[in-house]
Every structure is written in structure tokens, then in C-alpha cells.
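*Asks:*
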Amino acid sequence: MLSVAVFLPLFGALVLLFVPEAQRRAVRAIALVFLSLSALAVLLIAIGFHAGQGLQFVEDVPWMPALHVNYFLAVDGLSLVMLGLTALLGLIAAIAAHGITERTKLFFILFLLLQTALLGIFCAEDLILFMFFFDVMLIPMYFMIGIWGSGRREYSAVKFLIYTIIGSVVMLIGILALYFHTGQQTFSIPELARLVASRRLPVVWEDWIFLAIVAGFLIKLGIVPLHTWLPDAYVDAPIPASLILAGVMSKVGAYGLLRVSQYLLPSAAQHFAALLAVLGVITIVYGALAATAQHDFKKLVAFSSVSHMGFVLLGIAAGTQLAITGAIFEMVSHGLVVGMLFLLVGVIYERTHTRELSRFGGMYASLGSGGGILGFAAMANLGLPALSGFIGEFFVLAGAFTVFRTEVFWAILGIVLIAGYNLWMLQKILMGPEREEWKGLPAINGRELVTLVPLMALCVLLGLFPNSIIHVLHLPVQQLVAHLGGQ
Amino acid sequence: MDWPLVVFVALAVGILFGAYRVATAQVVTHAALYLAFVLSLVAGMFYLLQADFVAAVQLLVYAGGVMTVIIFAIMLSELSEIRAQAPQNVLQRLMSPYFGILPLLVGLLVFAVIMVAVLRVPWPVAPQAAPADTVTLIGNGLFQTYALPFEVASVLLLGAMVGAIVLTRREGSDR
Amino acid sequence: MVGYAWIVPALPLAAYILHVFVGRRLKERAAYFGVVAMGLASVLGVTILVQAAGGASAHVSVPWLQIGRYSVPMGFTVDPLSAVTMAMVTVVSWMIEIYSLGYMHNDPDFNRFFANVNLFVAGMLTAVIADNFLLFFMAWEIMGLCSYLLICHWYRDSSNARAATKAFLVTRIGDVGLLAGIWWIFSITHSFQFSQLAPALHAAALAPAALTAIALLVFLGPVGKSAQIPLQIWLPDAMAGPTPISALIHAATMVAVGVYLVARTYPIFQLAPGALVWIGYIGAITAFMAASIACVQTDIKKVLAYSTISQLGYMMLGMGVAGSMVAGMFHLISHAFFKGLLFLAAGSIIHAVETQEMHRMGGLFRKMKATSITFIIGALALAGIPPFSGYFSKDPILSAAAASPYPLMFWLGVLGAFLTAYYMTRACLLTFFGKPRDQHVYEHAHESPAVMTVPLWVLAVPAALLGLFAAGAFRSFLAPGYVPPSGGPAASALTLALPLLGVLVGALIYGGGRTAFRVAAIRALRPLYVFLKQKWYFDQLGLALMYIALGVAWIVAAFDRYVVDGIVNGLGALAGLLGRATRTLADGSAQAYMLTLLLAVAVGLIALQLIGG
Amino acid sequence: MPVDFGSVGPEIVLAGTGMLLILLSAFVAKERQRPLAYVGILGILVALALSWADSGATGTALAGMVRLDPISTFFRVTFLAAALVVALTGLDFVQSRGVSVGEFYALLLLATTGAILMALAWDIVMLYIGLELLSVLSYVLAGFFREDPKSNEAGIKYFLNGALASAVLLFGLSMVYGLTGTTSIPGIAAGLGRAVQGPMAPVALLALGFILGALAFKVAAVPFHLWAPDTYEGAPTPFAGFLAAVSEGAGMAAIIRIVFTGMAPLSSSFGVWIAVLAALTMTVGNVTALWQTNFKRLMAYSSVAQVGYILVGLAVVTREGISSVLFYLFAYLFMTLGVFAVIAALSVQGQGEDIADYAGLGQRNPWMAGLLTLFMASLVGIPTTAGFMAKLGLISASVSGGYTWLALFLAVNSAISVGYYWNVVRNMWLRPSPEGAVPARRATSAAAGLGLAVAAVGVLVIGLLPNTFYVFAHWASFIPGH
Amino acid sequence: MTGVPLVDFLVVAGLLFAIGLWTALRRTNAIMILMGIELMLNAVNLNLVAFSRYMPGDAMRGMVFALFVLTVAAAEAAVGLAIIILVVRRRGVVDVNKVNLLRG
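Residue numbers (the working numbering), protein chains in the order written: chain A, 28 to 514; chain B, 1030 to 1204; chain C, 367 to 979; chain D, 43 to 524; chain E, 117 to 220.
1) Taking Cβ-Cβ distances shorter than 8 Å, what residues in chain B pair up with E:Met156?
2) Quick check: the region 105 to 118 of chain A against the region 358 to 371 of chain A, are there 3 or more CB pairs under 8 Å?
3) Sorted by chain position, which residues of the same chain lie with C-beta nearer than 8 Å to A:Leu450's C-beta, five sequence neighbours on each side aside?
4) With a 10 Å radius around its C-beta and 16 neighbouring C-beta atoms as the bar for buried, classify C:Asp603 as buried or exposed.
5) Starting from A:Ile375, trace the alpha helix (DSSP H) in both directions and tell me its first and last residue.
6) Going straight from the alpha carbon of D:Phe47 to that of D:Leu183, what length do you get?
7) Run through the DSSP bridge pairs and tell me what D:Arg109 is partnered with.
8) Between B:Val1135 and chain C, is any beta-carbon pair separated by less than 7 Å?
9) Go through its chain and collect everything with a Cβ distance to B:Leu1166's Cβ below 6 Å, but skip five positions before and after it.
10) Assuming contact is defined by CB atoms lying nearer than 7 Å, are A:Ala68 and A:Val96 in contact in what I supplied?
11) What's the C-alpha gap between C:Arg435 and A:Pro503?
12) Going by Cα to Cα distance, which pick from D:Met377, D:Leu375, D:Ile352 and D:Phe376 is closest to D:Ser13?
13) Does D:Phe511 come within less than 7 Å of chain B when only Cβ atoms are used?
14) Going by DSSP, what residue range makes up the beta strand (DSSP E) through E:Asp124?
15) B:Gly1168 CB to nearest chain G CB: under 7 Å?
16) Whole angstroms is fine: what's the gap from B:Gln1114's alpha carbon to D:Ala263's?
17) Cβ of E:Asn213 less than 7 Å from any chain C Cβ?
18) Using a Cβ-Cβ cut-off of less than 7 Å, list which residues of the region 498 to 527 of chain C approach chain A; keep chain order.
19) Using 10 angstroms around the beta-carbon of C:Lys899, count the other beta-carbons present and answer buried if the total reaches 16, otherwise exposed.
20) From C:Val625 to C:Arg528, what does the alpha carbon distance come to, in whole angstroms?
21) Kindly indicate if chain E contains any beta-carbon less than 7 Å away from that of C:Leu943.
22) Which same chain residues end up closer than 7 Å to A:Val435 when comparing Cβ atoms and leaving out the 5 residues on each side of it in sequence?
23) Just mark B:Met1031 as buried or exposed, buried being the case when its beta carbon has 16 or more other beta carbons within 10 Å.
24) What residues from the region 1139 to 1157 of chain B come within 8 Å of chain D, judged by C-beta to C-beta, listed N to C?
25) Flag this pair as touching only if the region 264 to 282 of chain D and the region 128 to 135 of chain D have three or more C-beta atom pairs under 8 Å; answer yes or no.
26) Hey, which unbroken runs of the alpha helix (DSSP H) at 4 residues or more fall wholly within the region 583 to 626 of chain C?
27) If I follow the unbroken beta strand (DSSP E) through C:Ser437, where does it start and stop?
28) Is there a Cβ of chain B sitting closer than 7 Å to that of E:Leu137, yes or no?
29) Around the C-beta of C:Asn484, are 16 or more other C-beta atoms found within 10 angstroms, so that it is buried, or is it exposed?
30) Per DSSP, what kind of secondary structure is A:His208 in: helix, strand or coil?
31) Comparing the C-beta of C:Ala939 with each C-beta of chain D, is any distance below 7 Å?
32) Any chance you could list the alpha helix (DSSP H) runs of at least 4 consecutive residues sitting entirely within the region 227 to 312 of chain A, in chain order?
Here it is in C-alpha cells:
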């Protein structure tokens, strides 16, 4: 069942190969059909999922016996949550891809391939399979940024590719070193976790391996020293690609931290926890400050995303039950919020063909309910309670308070700054006297609403009833915390 | 009088002088002649080492065959400027890697390294018992132990011949 | 009925949802549903108050979130404090919603206005009855959002937008301090329930410095929300919003919720006496400072705004020195009524004369009888003239201040009271009496319709009589067995005399036609006048901080674009340069290749010989 | 005792077909020589079948000249597979240049025989003769297009450097013969074992130096690589592919045969040297490739860089190292030959060989562009392609062998390689095609199509289901003495 | 043959090899380079025959190896000269450095 959910989009891509380029509508329809089928499969998995038990829907088939590598897919609470987010954002990005008019067939083939890789990575339980999906998602994203992007798209695309490839190869070396030093002849994560629980690796080696593995994830997460590719890639990618890039791919880094480096190398994780926390906080403040100084709306959203990822890293580094749950919740909520923001960037760009904040003003009336939605998204982005953003940030910092008090105080400065640029953005776009050039803009239309309303609904739902997700996360986070020896 | 030593010295001096002339001869044909001279002296050396069959083959194949091929090549290439270019000024010669110091340096370097290695090793002074009949010995070797290399060598020669012909035959497209 | 307290906030929430989904079609008729809902909520609120007075109380909580071994329940609690406040809020909000029907009539964004008001009231009521810090903070932020949305109700004027952003940001600074306090407490007590916090903190036997730090962090929230020093700069600008909003949010309820928080978590503050002293001083200074600035304001709403800051200062002073939250809370309740009344009256004046500048008013008494009388009742209550409620709520605070070991607090309080009386008299004289200074304004003036004047009269009743009847009952209801400290007869004499003196001085300067004297007085106090006019230069301080933040942001962005990116591109270029060098190696001549080949062999041979096997 | 040539059946078939083609091409007119190519391809297939049939046989044959063991079967299969792909994809290209197809294929087959014999050689004379058969015919093939000045230049440069290198190799071999008195590789290993303890050590090291230098030339390791770019660019494209896959593979086979087996006693010294050579080759190959404008020249530097990666496997003198090298060679042949096949197919349709000419290919010829993207992704080492699995094998061998710094070198280099590999891909998909670009593709011939398919399937199958090939490489990597 | 020790032969062969190397590198005329290479091959043959004569072990192998070297040298020379003539005829120059169309 799990493989069906993961490989349905790929099957769709193959089907699309034989659809002639001309029928643009047919191409879109087929892509949407396969994406919704895959989303349906994820839904069925979610329904059949029992919160209490560990790994479920296990599919463990030997793939490369000579290298002791298995095709091992399984779902636990954490994977389920991420699968849900990926399936949802995938569907919404596909709907939002109406802006892609030339070479749509190629776009959707790449998009479906990307979707498969993303679904796959969140339920890969074998390190090499994890690496496999980690690299596969590079190519489609490279082409999406390169072909359909804007601005310095080629530069950003190559920068994205090189950054991530370095990260992935260094991580591969780390994983192989881990494999050789455990001497357990296996790459499966649960198996290695059992080993780590029983006895520790020699510390010297573990630190080095940990750094190698974490480097790859920090690049993907866009943590400050390694983040330079992120704003360029987010800004120059077309809207659907930015949506997936910011909404899901950055979460792969965080998921990797939770699933691989913290879980399998706990003593090194504790050893570097302080460093990761400091990096997290720097990212929060750095991202927020950089966002405040941006003139381009999309770049502002990109840097805001960097800043939010800082929260996630701080939560993971803190290693307490609360902080990690908060971090996972923040990952999900950020996916929804940044999704909305990028869609709105698209909505405004399609009408005004510019992203310069200084040229906007008084668009509340002309945007119709779009103005309200932008307000909602901005409020969710700055972590207004009763919306999912608040729960994530609140529990990350509540959890981290016991462990990293000074870092939390710096993060608080970040929260004020985040509020600052979000409101500044609202003020620049919606308020002030209505400009001549934006009079008579078409109000937000049905299709755009179809993409935005589910995200808004989920935001409120998660904000008011966070337990729906957190009860599923209970077991995986507890295992991780037990590993880290925290409380 | 230790005849073999005298003959060896004579041959050695001849070979080395000839080789030196090949390297520095201004005219290509002179160089070719010196080369032929060196080859035949080497055949003498082989004879000195009781490898009479090899000496014979050397004379026939090398001195005869290869030399004629080289002479033909020189003639065929209708060299307008038979003489090598006039040497540019000394500084230019020194500086340019092709004419100047570098080839000499590399040659000396290689020679020095070989000598350092060879001279440190206690090589036997006296030769082994001379084999009665080198020809039968080589014959057996060629057709028993080295049968496969022999066949492959023949294929090689065939291939080389075909290749040479293919490359240089006059075709309608040539002038 | 006490168990159904959750219905009270649910009603305005329902109204909000109706406005959002159905409002556009129903146009102004949708507001009627809102008013009816508010009415029901008020009735329910008052009955709950009555039942609570009879000793009933309720605490209902339902599990909301389970993370690991921490369980976070959500629920509401009805006790004397929440019952009283809820009653006050429901009544005041009801009156203001009725008033708004008239005030906001044929405003293009009528529906959005009422939606936000209802959401705000729902938020306020949830905060009042919340039984844990998390729900309280959520409601607290929802109110911040509504205040933001309502301040920039007329968003087309970008100055409103700036005021709204300023309000939200400044309060956000306070909120973040409160958040830090909540996390700190949670890290010790592992619970958000108000009831469990104080005992758990006490049990944890923290160092006094830590306890004071926690208390002050929590207090940072009210400093932001209730506009205390130094975070008070946003309230005067918040007057950009429609006047009913100024009444509801920036006078009666939202700004008071900070004080309510201090009251709700008073046991924590009692654990940290040092913090109480801080609160006392901040309250006193804010009271005096705001009162002084109010004296020079020409815009009637600004006067009332600074007056609100000043009264909030008094409430905080009460909290700080009175040893119990009763004094502060009583002043909060009474202030909500008479300040709400004053703002609504000011609103009806503005509605009538289309200007907020007192210098263009004058002699309106004859034209707007009802509004003037109610305004004057409110002014007298505010000034603390007996028998109006202001005196009864302010007197215990000042006498407690006198009894406290900090004389400065008392003198600041008393001087504040004098200034309060002075500027209210000045305001009344300038607007209602004397010659009308702007003929056009005078002709245009007319009494507001009944839908606006009725709420004025309804609010005038408690403004006048609450002190007389409810003072004693209120104290015993909220804190049975609490003996308020009394500062001795001299202190109570002063609290009585100074307001009267203030009225006298005000009348002297602004009464009758003695303009010459007024001009001389102003010229004499010129430097003081300029200093007060500049609002003690706080605004400039705020702007400076903002520019610093923007500067740092710009530096960081530039750093990111040039330095960090520069390094990365540099590495790329380095690889390129290296490539260019090795490329020249292959310059095309076979001779050079052969030479390099043999040179490499030679070097290899030498290395092997030297280093060897 | 009669000499049984049975054990070299495949080589005889191959050489026989080659000679038959020489005969036939003399009679058939140049224009109608296409069927001769099919004869050649048939010959390769028969040889492939034969070599697969007797893959089980082990032991020396032909008086110790040849050793049939797993590694020789591996090289046989690899070289024949490469020859097959080159033959298939090169047909249109050679024919379009109006050159005698029969002779080209004849020389190609004979050269492949030489390469296989080098891999099978158990005697340094046999190895030398095999090497010379491969090299001499390669000089001819490099210069085969007589009218094309670039081909002439490629021929002469390859000849001069090659002849020099073979002289250097010979000198080394003569020293080895001098020390050990025998030419059979096991004999040499034993002889050197004695010599290294005794006073003969310096000469042994001298011999090692000469031999390593010559073989480094053959595989085009830096700094012996300068001939490669010019030869690849000048030579006919299919032959350039042949050079990258077969000739280089043969060089690796020679290194494994002589250095690893023959000069095993010196193994402590050459491990480090090969590691240094590997690092140097990788870096220079990748970095210089960044600046290339001609696609074939870029592929030359790419193959130099790939040799650098393979040498990493050799530097780790363990069985995993050798097996990762064999796996990499097998995987590498499909990627490189795929790229050269695409270049050949496109230049038959009139497209230039500069990277700029490939601009906008994505629109003009999506299938060809897609294939080229797949091959490029494999060369970079992106998953689902053979390149990723090959690099995975190499990295795990080097990490387990303790050469972690080499693995990191490999990581940095694969990042640099993205720069130029992906530059081509970027050109194809992201840039509009220039005005005078070739119109939409004319159908490529069945042979070229089949060749491309074999290469593409090879890359994907090894990428997705590498297990059987790992087992094959591991089984083949058994070398006496390790 | 009593007088001449093996090492003398090796020295002569080494020197001949070095001179051949020097010629090959020094000359720009392709044919001259070829002659240099022939000299190097002769040095190798000298080595081989000398070793087969002086060193214990199977003397025949050395001589046979020398014979093979001879034949291969012949084949190589033939092909080499063919290519050189082709280049001369096409480009009219035998100077190797002028032949640098391919570079970079």
C-alpha cells in the first residue's frame, strides 16, 4: 500500500510521456488525477494507522543483498505527518501550476517525479534508499527552477544543485562510515537504532560521522552559514516549485535530522546540541533581519522561511519531548503558511506583474477576499494564536527554555522582528491610498481560492485542535527523546 | 689482449657516437644514415653476446627494412627544407622547451636515475654457459612457449600493413 | 447558570462567524443579530455575577493537548474576579455595540467593523474566564489582532495603517516578555493552570531574584497591553480608529486586561515583593506623566487617551501598594464605565461637529444637552470628585500608597489626581462653555440620535453611583477578610482636596473670558509646555529604536548578499582559475606533451628511488 | 605437445572476423560496405557468447601465456560489450564520412582483440604484444579520416606519445626480465619477492617507475594525460568512445596484471603513489574540463577525471577496491559510450561538436536530449543511474580501506564535475536553440538506435538493480596474492 | 667473453636509451622523433639480450622478447611513417609544433 502511494505519481509521469504536448488540459488533468490518487492512498494509510504501535505498513524487500541494502519502506507517526503534508502541498502546487503555459508536459513529468521522490524519502527506513530519494529530487527541481524560473534562474538552479550535491555526497560518506563502524552489515534505521540503544559507538568517530551527515541536512534546511542558495532558489523558482521547495523540501532536512543524525548518533547529537541551537537562533534572527530589509515580496517570504527553519532546528537541538514535538508541528504549520504566502505572491504577481513592495498599496479593495486571505496568512506567519504557527513556536521555545535559556531570549527578539516585517508587508500591500495602476484589478478567482482555502482551514484546525497531529507523534518523539537521554 | 673487451669498447664508442650524431645532425638524411650505422653496430653487439640469430634478424629487419622505410618516408615527404631550421638566437633556443635545455635535462635525469639504480646492484660479471645452438632454442621458444604472441604478432603486422595502406593510398579525392 | 459561563464568549463568537460568512449580503441588518447576542451575553453575565455573589463558582476543564507526559487541559473558571469583570465587559460592550449602530451608520466597511468588534469581545471574554495561561495568552493575542484590525479600519489613510502596525508591534514586545514568563514558569511548574502556578512556584523555592524576574517578565505583558511606561507610545496613535473602538478597546476592556492579568496571577506577584514595588513605581510614574501630557492636548480624543494611560497607571499603583488586587480591580471596573461614557460622549460630539479639535468647539452645551451632561458626569467621576465613583475607586489606592513605605508614589498619585481634575475641567470648559470659536462648527452641531444617547445615559448611572453603593460590597466579594491599608486622615484629606483644587484652577484659567490671563500663564510655563507637548520625547525614542532595527536589518541583508554569497561564488571562481592554469598546459604541440610525459616519468623514478618501497 | 588454442576461442573468432572483413572490404565498393559492419557486429556477438560460455574455466593456458580466471572473463565481457556499442552506434557516423566501413570495423575488431589479450596476458611478452596490437591499430583508427586535418593531428600526436610510452614500458619490462630471468607474471612475482629483500631493490623500483609511468600514459592519468584531449577531439567520435572505454580499460587491466600481481612484493610502495595519482588526476581532469567549449574535448577531460575515480579503487589495495574498480569500469563504459553515441548520431545529422551547438536541443530533439541528460546525470553520479552505484562502491571501498581523505576528494570533485556536466544539460534545456540550428531530428538508423538503447538500458539497470553486477564484480575481483 | 661484465652493457644501453630520449624530445621533425624512438628500442633490445646472456634462467626468453620487440618496432615504424606522410601531404609541414590545431 505504501509503495502504491509513493510510486503512483511516477506511474503518472510515465503515462504522461505518451500524451502529446498539445493537449495541455489533458496533461494537467492526468497529473492531477494521479496526484489525488496518491493523496487518497496516503489518506487510507492515515486511516489505517494506529497511533500506539511503532512502524506500520512495513515493506522490507532485499534490493542489493551484496551491499546489505534493502528496499525498506515503513510509516510511523512522524513519516505519516510528513506524507500528509507532501501529498497535500503536491496537489495544491499542481493546481496552482496554471501559470505554466509553455512545455507543460515536461513540467508535469518532472513534478510527478519530484512528488514520488518526496513521498519516498519520508517513509524510507533504509539509509541508502533515503540517500537515493534525497538525490533523485534534485534533478526535477533543478529543471523547474532552470526552465520555468525567473530572474537569475540558471545561476540559482546551478547553485541549488551544487550545494545539495556536495551535501549529499558528504552525507553519503558519513553514512558509509557509520555502516562500517557499526559493523552490523545493515543500513536499516530501526536496526541501527536498536544497536545504538544497546551500546555506543566510539565517540571520536561518532562526532566526525555526525558532522558529515548533519552537514547535508543543514544545507537542505537552509541554516545560516549554508543558506545562501535558498533565497535565490525560492525567488527564482516558479510559484509551484517554490511552494514545494519551501513547503516540503526544506522539511526533508529537518526530517533527516530527526530520523538519522539525532536518532542514530545520540551521544554526538548531545555533544553538538549547543552548537546546533546557536545556529538555529542565529538563523532565526538573521533570517528575520534579512527579511525586514527586502524590497521583493517573494524574497521576503523566502527569508521568512529561513527564519522559521531556525525555530525547527532550535527545537530539534533542544531534544526535549516538548521541543521536538513543537519542531515537528512547526514544520507542518510552516509548510501550510509558506504555501499560502507563495500562492499569494503568485496571485498578486499575476495581476500586477511585479513583486516590488514599494509599488503596491491600497490593494485591499481590489483584491477582494484575497486581501483578507493575505492578512490571514501574514498573521499565521507571525505566529498568531488559534493558528498553527503559534503552537509550533510556543512549544519549541517552551521545550527549549529548560535547556537553552539565553538562546530562547534571542529567539524572542526574532519573534518581534517576524511580527515586524509581516505587518510591514501587510501595510505596504493592502493599506494606504489606492494607486491608479491597481484600480480595477480582477478579484481573486475560484481556482486560486481552491488552493488557498484548504490551507487556511488546516491552519485554523491545527491551531485550535493540535492534538489531532500530536497524538500521532507521541511514540516516535518519545523513542527519540529516550535515545537522547533527555526528558 | 682481451679481445672481447676491445671489440666491446669499439662497438660501444661507435654506437654512442652514432647516436649522438643522430641527435644533432642538421640534415635529416645524415641522421638516417647515422641511425643505420648505429643499428648495424648494435647487431655487432648482439653477435658479441653470442645472440647470433638476433644479430642477423637485427641486421635484416632493422638495418635493412626499417631504414629503407625511413628513407622512403623522407623522400616521399618531398621535404622542401631538407635542412632543419636555422637555429634562432641562443637565448631563444635556451628558453624554448623544445630546442633548449629541457630535453637535455630530462635525458640526463633519466640516465642518472638508471645509473644510480643499476650501478648499486651487484650484476654478475661472467656470462652464463653459452647455449649450443641459439636458433633451435629460439625456434622452440617461438613455436612452443610463445606460440600465441607469435600468432598475434602476425596479426599485428597484417593490421599495421593494412592501416598504413589505408592511410596513404592515393584515392580519387587526393590530388 | 455558572456552569454555562462558556456560552458568554460563544455568543459574540457566533455573531462574528455570522458576519464573516453572511455579513456581506445582510449589510447593516447583520449587526442587529450581534447586538441581540451581546444583549443575551450581558444578561447571562449579570446573572452569573449575581449567582457568584451568592457564593457559586465553577471550574470546568477538558483535556486539549497531550505531549509526552505533559497534559494541557483547556477550560474556564468562574470566581468573583472573573464574574465581576465579565459582567462589566458584557454590559459595556453591549452599550458600545448599540452606540456603534448609529456611529458607523452607512460606513462602507460596516460589516467588517462589526465582525472585528464581535471577535474582540469574544476574545476579551475568553481571556477573562480562561483557567490557564495558554488559553489566556491565545485570547490576549486575538484581542491584539482585533485592536490592530480596528485601528486601521479606515485603511485607505496610510497613517492609520502605521498607527495600527505601531500598536501591534509595541504590544507584541510586551507579549513576548509575557511569553518568556510563561515558559519560565512552565519550565518549573510543568503546568499552565493558574490555580496550580503559585503553590508550585512556592514549592520550588526559587531564589527571590528569579521570582522577581519571573514576575517582572509576566508584568512586561501588561506594560505593553495597558500602555505603561515605556510602552505607552502606541495608545495615543490608536485613537486613529473609530471612536467606539477607542471606547471599547482603548479605554474599557483591552487595556484593562493587562491589569486583570496582574490580578489573576496576583499570588505570583505576592511571592515576589520586589516586583510589586516595581509595579507600584511604574504605575505612579505613568499616572503622573500621562496626566501632565493630557493637560496640553488640543484633540479631545488624545486628552481622553492620555487620561486612560494615567488611570491605568493608578490601577497598577493600586496593585503594587494595596497588598491585594481589590483596589486596582475596583478602579478598573469603575474606570471602564466612566471612561467608556466619556469616549462615547466625545464620539457623539465628533459625530456632530466633524472635528476633534477642542479649539474649534465651544458653547456646545446649548446644542447637545444630553451628551454634555453625560460627559460632565463622566468628567466628575474621572476627576475623583465625591460622590462620583471615581473618588471611591481612587481613594483606597492613594491611601494605600500613603501607607506604603514609598512616599514618592503617594505624591505622584496625588499630584496626578490634581492634574486629572485640571485637564478634565479644561476639556469641559473648552468644548461646552464659553463662546463658540468656530461658527460653522456651531451651526452644524446637533444632538445625536437616541441610539447613541441612550447608551450614554445607561453608562452614566454606574459612573455616578457605582462608588457609593458597590465599593464595600465589591471589596468583601472579591477579597473577603481583606483590610485595606489606610494612609491616615491627612492622606484622605489631600485626596479629597486636590481634585477640587484642580477643578478650581481649571475653571480659573479656562472659565469666563479671561484669555489674557490664560495666554500669560501659557507663556510663563513655555519650556514646560513644549516638553509636555512633545509627550516627554517618548515618540522620538520609539522612532530612533525603529530606525536602529531597520539599519541593522539592512546591514544584515547587505552582508548576506555580498559577503556570504561572495565567498561561495569566490570558491566557484577559484575552481575556474585552477582550470585555466591547467588548460594552458595542453597548448597543442605534441613535443610539449612528450616532454611532460617523460618529465613526469623522470620525477616518478626519482621519487621512487628516494622514498622507495 | 600440441598447442591448444581452444582457450582463446573468442579472441580467435574476433581476429578471424577482422581479417575476413579486410578481405571483403577489398572486394566490396566503399559505398556498399554497410553489410560488412553487420558481419563485424555478428563477430562480436559470437565472441561474446563464447566468452560467456566458458566463463567458468580457470587456470593458465597456452604455455603460461594466458590466464583464464574470473577477472579475465570480466574484462572479456566488458571489452566485447563496449566494442558492440561502439560498432552499433558508430556505423552511421563512419558511413556518413565516406570512408571504407569494412576496414574501419576490421581494425576495430583487431584492436579489441589486442585489448582482451592484454587482460588475459599471464606473460609480459604476451601483454606487450597485446598492448602494441591495440596501440598501433589505435594510431591508425585515430587518424582514419584522412581528409579531416584534426584526425591527422590526432593520429600523429597519439602515435608519437604512444610510441614513446611503449619504449618506456619496454625498458621497464626489460629490467623486470633482467631481475627475475623470466617473463611469466607468477615467475616475476616470485623473482621480485627474492629481489626486493636482496640488494636488487633499486632496480625493481626503477622498473616499477617505468612501468607505472607507461601504464599511467595508457589510462591517461595526469600528468601523462596531455595526449588524450587532442586525440579524443580529433579522432572519429565512435573511436573516441572506444578509447575512453576499451583502451583505458585495457590499461587498468595491465595495471592489475603487472603491478598488482606481477610486482605484488612492491605493493607497500605503489598504494600511496596510485592514491596521489588518483587525487591529481581527478582534480586536474575536473577543473580543466570546466573551461572546455568542444564537447568531445570535454568528454576527454571527463574520462581523465573518471580515471582519477577508478584509481581511487586501485589505491585501496584490497579486494573491495578491485571489485569497486571493476564495477566502475563496467558501469562507466555504458555512460561514456552513450554520450559518444549521441554526439555521433547528432553530428551525422549535421550538428556541430561545440557545446554551444547543443543549445535548445531539449526542444528540437527531446529524445536525444533526454538520453544525453541521463548519461550526464550518470557521469555526475545522480541516483537511479549507474554512476551513483559505481561511486557508492568506490566511496565505500575507500572509506573501509581507510582512505577517507580520498573519499572526501571524490566528494569535492563530483561537485566540481557538476559544473561542466550540467553545463551541457543546462545548454540543452534552458537555452533557446541558435538560429541556424539543425531542424527536428531525422530518424537515426536502427543500429544507432539499438546502440543507444543498449547504453541507456545499461545505465538504468545498473543504477536501479546493481546487485547482480556487484556480485559479478566481486566474484571477478579474486586476484592471487590479495 | 670473459672480460666484459654485464654492467657495462647496461650502462651502454642506458646511455643509448637516454640519447634516444633526448633525440625524440629535441627534434621537431616527426621522422627524427621516430629515429629517436628507434634508438630507445634498440637500447631495450641490448638490455634484453645482455640479460639473457648474463643472468641465470631461461636465456631463450630474452632473445625471443628481443625478436618480438624488433617486429613490433617495424610495424610501429611503418604505421608511424604512414601517418607522418599523411600529415606532411595534408599540412605540408613535418614540424610537430606547427601541427597544433587542437589545443586548450
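We treat Cβ as the ideally placed atom computed from N, Cα and C, and that holds for glycine.
*Replies:* By the coordinates alone:
1) Residue mapping note: residue 156 of chain E aligns to position 40 of the fifth sequence, counting from 1. Simply none; closest approach about 10 Å.
2) yes
3) For the purposes of this step, residue 450 of chain A is taken as the residue at position 423 of the first sequence. Excluding positions up to five away in sequence, the list reads Ala405 and Leu409.
4) Within the third sequence, the letter at position 237 stands for residue 603 of chain C. C:Asp603 is buried by the Cβ-count criterion.
5) Within the first sequence, numbered from 1, the residue matching residue 375 of chain A stands at position 348. Here the alpha helix (DSSP H) through A:Ile375 covers Gln348 to Thr379.
6) Indexing the fourth sequence from 1 puts residue 47 of chain D at position 5. Indexing the fourth sequence from 1 puts residue 183 of chain D at position 141. If you take the alpha carbons of D:Phe47 and D:Leu183, they lie about 28 Å apart.
7) As a first step, residue 109 of chain D must be located in the fourth sequence, where it is residue number 67. DSSP lists D:Thr102 as partners of D:Arg109.
8) Within the second sequence, numbered from 1, the residue matching residue 1135 of chain B stands at position 106. Yes, its Cβ sits closer than 7 Å to a Cβ of chain C.
9) The residue you call residue 1166 of chain B lines up with position 137 of the second sequence. Closer than 6 Å at the Cβ level, and outside the excluded window around B:Leu1166, lie Pro1160.
10) On the first sequence, residue 68 of chain A is found 41 positions in, with the first residue counted as 1. On the first sequence, residue 96 of chain A is found 69 positions in, with the first residue counted as 1. No; because the gap between Cβ atoms is not below 7 Å, this pair is not in contact.
11) In the third sequence, residue 435 of chain C corresponds to position 69, counting from 1. In the first sequence, residue 503 of chain A corresponds to position 476, counting from 1. Using only the alpha carbons, I get a separation of about 14 Å.
12) The structure shown does not extend to residue 13 of chain D, since chain D is modelled only from 43 through 524, so no value can be given for it.
13) The residue given as residue 511 of chain D occupies position 469 in the fourth sequence. It does not; no Cβ of chain B falls within 7 Å.
14) Within the fifth sequence, the letter at position 8 stands for residue 124 of chain E. First-last for E:Asp124: Leu122 to Arg142, but that is the alpha helix (DSSP H), not the beta strand (DSSP E).
15) Among the protein chains in the structure shown, which are A, B, C, D and E, there is no chain G.
16) For the purposes of this step, residue 1114 of chain B is identified with residue 85 of the second sequence, where counting begins at 1. For the purposes of this step, residue 263 of chain D is identified with residue 221 of the fourth sequence, where counting begins at 1. Because B:Gln1114 sits at a pLDDT of 49, beneath the cut-off of 50, its placement in the model cannot be relied upon, and the following sentence gives the value as read from the coordinates. Cα to Cα, B:Gln1114 sits roughly 34 Å from D:Ala263.
17) Counting from 1 along the fifth sequence, the entry for residue 213 of chain E is found at position 97. Taking Cβ atoms only, chain C reaches closer than 7 Å to E:Asn213, which makes this a yes.
18) Phe503, Met504, Glu507, Ile508, Leu511, Cys518, Tyr521, Arg522, Ser524 and Ala527
19) For the purposes of this step, residue 899 of chain C is taken as the residue at position 533 of the third sequence. Under this definition C:Lys899 is an exposed residue.
20) Residue numbering aside, residue 625 of chain C sits at position 259 when the third sequence is read from its first letter. Residue numbering aside, residue 528 of chain C sits at position 162 when the third sequence is read from its first letter. Each residue's Cα considered, the two are about 26 Å apart.
21) Counted from its first residue, the third sequence places residue 943 of chain C at position 577. Closer than 7 Å: no.
22) Position 408 of the first sequence, counted from the start, is the residue given in the question as residue 435 of chain A. Once the five neighbours on either side are set aside, the close Cβ partners of A:Val435 are Leu424, Ala427 and Phe428.
23) Sequence index remark: in the second sequence, residue 1031 of chain B carries index 2 (1-based). One detail in the question is off: residue 1031 of chain B reads as Asp in this sequence, not Met. Classification for B:Asp1031: exposed.
24) Val1142, Ile1143, Val1145, Ala1146, Val1147, Arg1149, Val1150 and Pro1151
25) yes
26) 600 to 603 and 609 to 613
27) Position 71 of the third sequence, counted from the first residue, corresponds to residue 437 of chain C. Element bounds for C:Ser437: Tyr436 to Val444.
28) Sequence index remark: in the fifth sequence, residue 137 of chain E carries index 21 (1-based). So, interface residue.
29) Here residue 484 of chain C corresponds to residue number 118 of the third sequence, with the count starting at 1. Looking at its Cβ environment, which holds 16 or more other Cβ atoms inside 10 Å, C:Asn484 is buried.
30) Position 181 of the first sequence, counted from the first residue, corresponds to residue 208 of chain A. The answer is helix: DSSP assigns A:His208 an H, G or I state.
31) Looking up residue 939 of chain C in the third sequence gives position 573. Output row for C:Ala939: interface = no.
32) 230 to 248, 256 to 263, 266 to 271 and 277 to 283
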